[in-house]
Each structure stands twice: as C-alpha cells, then as structure tokens.
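Taking it in order: structure first as structure tokens, then the write-up.
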Amino acid sequence: MPNLALKQVFQHIKQQTPLVVRLVSLAFQSAFNHAYLNPELHRQLKEIDIHLSTHAYFAGDVFSYADILMWFQLYAASYATPQFAQYKAIQHYFTQIQSRPAFSAAMGHGHWSASYFEHYWSITQ
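The numbers in numbering that gives the first Met the number 0 rise by one with no breaks, and the one at position 51 of the sequence shown is 50.
As structure tokens, this is what we get:
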C-alpha cells in the first residue's frame with residue numbers, strides 16, 4: 000500500500016517545512032489527502048474487506064506469508080485512514096490474526112510498541 004507511505008512522506012514534509020511557509024505545505028497535504036489519498040485508500044480497503052468477508056485469510060482458508068505481510072499494512076491503515084471502523088471484515092481479520100499464539104510470541108520477540116506505532120501512523124490523518 001504505497002499510499003500509506005505517501006501519507007507519511009507528506010506528514011514529514013509538513014513537519015520539516017519552516018514555520019513561515021508551513022501553511023503552504025499543510026494546504027498541499029490536506030488537498031492531496033482529500034482529493035486522492037483518502038479516496039484511493041478507501042477504495043483499496045473496500046476491495047480487501049470484500050475479499051476478507053468471503054475468505055478467512057488472503058490465500059483463502061489457509062494462513063500464509065501474505066497474511067503476515069498484509070497485517071502490518073492494514074494495521075497501519077487502521078490509524079492512518081479516517082473511518083476505518085467501517086471495514087468489519089478487516090476488523091474480524093485483526094482479531095483472528097492477533098489471537099494466534101505465534102503472533103503474540105513474534106510481537107514479544109520483536110519488542111513491539113503499539114503506542115509508538117499508533118502515534119507514528121495516526122499523525123497522518
């Protein structure tokens with residue numbers, strides 16, 4: 000989901016812009032988010048939600064590497080995308096993935112910081 004990366008890039012541009020002209024970068028970021036990034040992310044999330052409403056995982060009914068890769072992107076989107084709660088199948092998917100014992104173990108080994116992750120992505124809204 001390169002659009003999530005774009006949201007993060009524009010956020011950093013806005014933060015790094017000198018205060019005197021920061022309104023210009025803020026206006027550009029806001030316009031780009033509203034005109035392109037948010038609608039495109041919603042379109043992509045809707046397609047994913049439709050798929051997950053008929054399949055347990057991305058590869059059908061079998062947990063695979065695709066699920067590991069997509070979890071991170073979707074979890075980031077849950078903080079970076081306004082109105083993410085409307086995607087019920089993705090919410091259910093999170094519950095399935097996060098209830099797996101191996102998932103919990105991997106998060107522990109990776110020193111996962113949910114609060115840092117939430118802050119990093121929520122500033123892009």
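C-beta atoms are modelled at their ideal positions from N, C-alpha and C, and glycine is treated no differently.
Everything numeric in this text was worked out from a predicted model, so none of it was measured.
Point to revise | Burial state of D48, where buried means 16 or more other Cβ atoms lie within 10 Å | key: Its Cβ being crowded by 16 or more others within 10 Å, D48 is buried.
Point to revise | Collapsed DSSP secondary structure at G59 in the structure displayed | key: For G59, the secondary structure class from DSSP, reduced to helix, strand or coil, is strand.
Exercise for review: Within its chain, find whatever has a CB closer than 6 Å to the CB of Q10; leave out the 5 residues flanking it on each side and keep chain order.
Suggested key: The residues are I122 and T123.
Check your understanding: On the three-pair Cβ rule with 8 Å, is the stretch 33 to 41 touching the stretch 79 to 94?
Key -> Touching, yes.
Exercise for review: Assuming L51 contacts A88 (C-beta within less than 8 Å), just tell me the rounded distance between them.
Suggested key: So it is a contact: roughly 4 Å between Cβ atoms.
Practice item. Report back the beta-carbon spacing between A65 and A76 to the nearest angstrom; my notes put them in contact at under 8 Å. Key: Cβ-Cβ separation between A65 and A76: approximately 16 Å, too far for a contact (criterion under 8 Å).
Check your understanding: Tell me which same chain residues have a C-beta within less than 7 Å of the C-beta of F102, skipping the five on either side of it?
Key -> Contacts found: I96.
Exercise for review: Return the CA-CA distance between V23 and Y56, expressed in angstroms with no decimal places.
Suggested key: Rounded to whole angstroms, the separation of the alpha carbons of Y56 and V23 is 42 Å.
Exercise for review: Could you give the DSSP three-state label for Y64: helix, strand or coil?
Suggested key: Residue state, collapsed to three classes: helix.
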